[in-house]
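To start, the structure under review is shown below, and the notes come after it.
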Amino acid sequence: MKREDKKILRWMGVVFALIVFVGWALFWPLNSYIEAPGSATNLRSFVSIKNYPDKGKGSFMITSVGLQQARPVTYVMAKMIPYLSIEDADDVTGGENGATFDRVQKFYMNSSINEAIAVAFKKAHRDVKENYLGIYVLQVQDSSKFKNALKVGDTITKVNGRHFNTAQGYQKYIGKQKAGSNLTVTYIRNGKTHSTTHKLMQLTKDRAGIGIILTNNMTVNTSPKVKVDPGQLGGPSGGLMFSLQIYEQITGQDLQKGRQIAGTGTIDADGQVGEIGGIDKKVIAAHRAGAKIFFAPYVKPSKLLLKYEEGHQTNYQLAKKTAKKYAPGMKVVPVTSFDDAVKYLKSSK
Numbered sequence: 247m248k249r250e251d252k253k254i255l256r257w258m259g260v261v262f263a264l265i266v267f268v269g270w271a272l273f274w275p276l277n278s279y280i281e282a283p284g285s286a287t288n289l290r291s292f293v294s295i296k297n298y299p300d301k302g303k304g305s306f307m308i309t310s311v312g313l314q315q316a317r318p319v320t321y322v323m324a325k326m327i328p329y330l331s332i333e334d335a336d337d338v339t340g341g342e343n344g345a346t347f348d349r350v351q352k353f354y355m356n357s358s359i360n361e362a363i364a365v366a367f368k369k370a371h372r373d374v375k376e377n378y379l380g381i382y383v384l385q386v387q388d389s390s391k392f393k394n395a396l397k398v399g400d401t402i403t404k405v406n407g408r409h410f411n412t413a414q415g416y417q418k419y420i421g422k423q424k425a426g427s428n429l430t431v432t433y434i435r436n437g438k439t440h441s442t443t444h445k446l447m448q449l450t451k452d453r454a455g456i457g458i459i460l461t462n463n464m465t466v467n468t469s470p471k472v473k474v475d476p477g478q479l480g481g482p483s484g485g486l487m488f489s490l491q492i493y494e495q496i497t498g499q500d501l502q503k504g505r506q507i508a509g510t511g512t513i514d515a516d517g518q519v520g521e522i523g524g525i526d527k528k529v530i531a532a533h534r535a536g537a538k539i540f541f542a543p544y545v546k547p548s549k550l551l552l553k554y555e556e557g558h559q560t561n562y563q564l565a566k567k568t569a570k571k572y573a574p575g576m577k578v579v580p581v582t583s584f585d586d587a588v589k590y591l592k593s594s595k
């Protein structure tokens, strides 16, 4: 073989190796996800109530976190950009596959929307009928005795023959039982009712449980009827903002006052606002969309609480810190309830 031919072959090998490396760096999926600022979208496009349009000149925005499976190149980029974070795949998905994870997020969203509708109508002193079906099973712990009996998407309707009208009712009853004692669970799967009996596990020092993550499965009937299409969004964190949007439409009050208002937080049946994940990304997304007000769930910080909080900061602390650095001019408003948010909107300009 001639010298020139060897040189050509060597260069071909180098080029091929570079192509393989670039392909690996750009496309090889890693067992982690990158969380980034997502979107902040006007809820007017999500909520429809016949004869009750949103006449406000401002907007209520629902915020989200962008989630993308990491590749070698994006992993390195995420290490270099402070407001991006890298999360282990199992921490994000709970160890479930992509399809199951998406189903869980939809269950969360549906539950959140129904709670938001109920809260908005109650606060507006309008009739609302809630039909509590039970609790959705979102995840079963590997150590649970029910691991091979219950599946994601099952709806638990009774425990030991008792039906409750809130998830807290189920949790309170089960928590009073002794670890190791038998519990009969009645559940619905694909429209059929089943029951299974297994022993309870020890959740904490003083509390027994099934060993599942759950959310409410309920339907809400109102007049006028509220239609909410969340599109591709999932999770429970839009509860507060959905309730504000629905409340403004059915009451005709101008809470927006021409302002761009974003926020996040779960909502429960009593209108209490709960903490969520990724609030720093949501603040940045809201700022990019032009929001000047951001509602953040508030809890009183304590040493024990901060030990388990994201970044060892409460939602409000992290939101305020992020806004100071990345969202100048945005006011972060702490809220513990739906009433707090409405009170602020009515009293501020």
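Just so we're aligned, residue 247 is where the sequence shown starts under the working numbering, counting upward by one.
Just so you know, even glycine gets a beta-carbon here, dropped at the ideal spot from N, CA and C.
Closest by CA to residue i, which one among the options?
i       : options                            : result
Gly-511 : Thr-287, Val-474, Ser-483          : Ser-483
Met-447 : Asn-463, Leu-429, Leu-384, Asn-436 : Leu-429
Ser-441 : Gly-421, Met-307, Gly-407          : Gly-407
Ala-535 : Leu-550, Thr-461, Asn-394, Ser-310 : Ser-310
Ala-508 : Asn-394, Ser-278, Gly-426, Ile-525 : Ile-525
Thr-346 : Asp-400, Leu-550, Asp-452, Gly-455 : Asp-400
Ala-362 : Gly-426, Ala-537, Val-474          : Val-474
Ala-532 : Thr-443, Met-576, Tyr-321          : Met-576
Lys-325 : Gln-351, Ser-278, Val-350          : Ser-278
Asp-373 : Tyr-493, Ile-539, Lys-566, Lys-570 : Tyr-493
Thr-403 : Lys-375, Tyr-419, Thr-439          : Thr-439
Lys-422 : Asp-452, Arg-435, Tyr-378          : Asp-452
Leu-449 : Asp-514, Gln-417, Arg-435          : Gln-417
Asn-394 : Gly-415, Thr-443, Tyr-419          : Thr-443
Ile-513 : Asp-586, Ser-427, Lys-595          : Asp-586
Phe-292 : Phe-488, Asn-343, Lys-553          : Phe-488
Ala-515 : Glu-376, Val-581, Gly-437          : Glu-376
Gly-269 : Trp-257, Lys-368, Arg-317, Met-258 : Arg-317
Ser-331 : Gly-340, Glu-342, Gly-341, Gln-315 : Gln-315
Val-545 : Val-581, Lys-570, Tyr-554          : Val-581
Please check the pair residue i and residue j, which I expect to be a contact at CB under 8 Å, by giving their CB distance rounded to whole angstroms.
i       : j       : result
Phe-541 : Val-579 : 5 Å
Ala-366 : Val-466 : With a Cβ gap of about 10 Å, Ala-366 and Val-466 do not count as contacting.
Leu-272 : Val-319 : 6 Å
Ile-381 : Asn-463 : 6 Å
Leu-501 : Leu-486 : 13 Å between Cβ atoms; not a contact.
Ser-389 : Gly-302 : Not confirmed; about 49 Å, so no contact.
Val-350 : Val-398 : 6 Å
Lys-424 : Lys-391 : That pair is no contact at about 14 Å.
Asn-411 : Tyr-378 : 4 Å
Ile-327 : Val-472 : Contact doesn't hold; Cβ gap of about 39 Å is too wide.
Confirm, please, whether the CB-CB distance from residue j to residue i is below 8 Å.
i       : j       : result
Ser-583 : Gln-499 : no
Val-431 : Val-405 : yes
Asp-348 : Gly-480 : yes
Tyr-354 : Tyr-572 : no
Pro-299 : Gln-478 : no
Pro-470 : Ile-359 : no
Ala-370 : Thr-497 : yes
Ile-308 : Leu-289 : yes
Pro-283 : Gly-312 : yes
Leu-384 : Ile-459 : yes
Ser-305 : Gln-506 : yes
Lys-527 : Glu-281 : yes
Leu-550 : Glu-556 : no
Ala-286 : Ala-537 : yes
Asn-561 : Pro-547 : no
Ser-357 : Thr-461 : yes
Ile-539 : Thr-568 : no
Quick one: what's residue i bridged to in DSSP?
i       : result
Ser-441 : Thr-432
Met-447 : Gly-455
Arg-600 : Given that the chain is displayed from residue 247 to residue 595, the structure contains no residue 600 and the question cannot be resolved.
Met-396 : Per the sequence shown, residue 396 should be read as Leu rather than Met. BP columns for Leu-396 are empty, so no partner.
Gly-509 : Ile-308, Phe-541
Glu-281 : Leu-313, Ser-331
Ser-583 : Gln-518
Thr-287 : Ile-308
Tyr-378 : Met-464
Lys-577 : Ile-539
Ser-294 : Lys-473
Gln-385 : Ile-459
Could you confirm whether any beta carbon from chain B is found closer than 8 Å to the beta carbon of residue i?
i       : result
Ser-291 : Looking for chain B here will not work: only one protein chain is present.
Can residue i be considered in contact with the ligand GDP, in the sense that its beta carbon sits closer than 7 Å to one or more heavy atoms?
i       : result
Val-579 : Looking at this structure, you won't find the ligand GDP or any other ligand, since it has none at all.
query = Which ranges does the beta strand (DSSP E) cover as unbroken runs of at least 3 residues, wholly within the stretch 311-350, from first to last along the chain?
reply = 331-334
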